[in-house]
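Below: the structure, in structure tokens.
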Amino acid sequence: MNNCGFSFLTGSSSLAMYVLLMEYVGKRHRHVIGTTLWYFWVLSLMLLALFAYFIRDWRTLSIAGAAPGLLQIIFWW
8 MNNCGFSFLT GSSSLAMYVL LMEYVGKRHR HVIGTTLWYF WVLSLMLLAL FAYFIRDWRT
68 LSIAGAAPGL LQIIFWW
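In terms of the working numbering, the sequence shown has 9 at position 2, counting the first letter as 1, and numbering is strictly consecutive.
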């Protein structure tokens, strides 16, 4: 899979998350919540770098990164 497809999917999901969050927040607090949302994105990128430091094999790192998402799908049903 090339990186172009991944970037397209990541951008659309982050845009949908931003719009959904803005619908739940009142006009008075939208600027604070909109900025705070991207703090979590940066925090997740830093955690990925930390995981990659401790888990050197890329296959194991991929499984460790996907496991929380799989658990979320299982508990969603």
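In this text, a Cβ means the ideal position worked out from N, Cα and C, and glycines have one as well.
This one's a predicted model, so the numbers in the text were calculated from it and none came from an experiment.
Check	Outcome
Span separating the alpha-carbon of Ala23 from that of Pro75	20 Å
Three-state class that DSSP yields for Trp65 in the structure shown	helix
Spatial distance of Arg63 from Leu55 (CA atoms)	12 Å
Cα-Cα separation between Tyr60 and Glu30, rounded to whole angstroms	38 Å
Contact under 8 Å by Cβ, Leu28 with Leu44	yes
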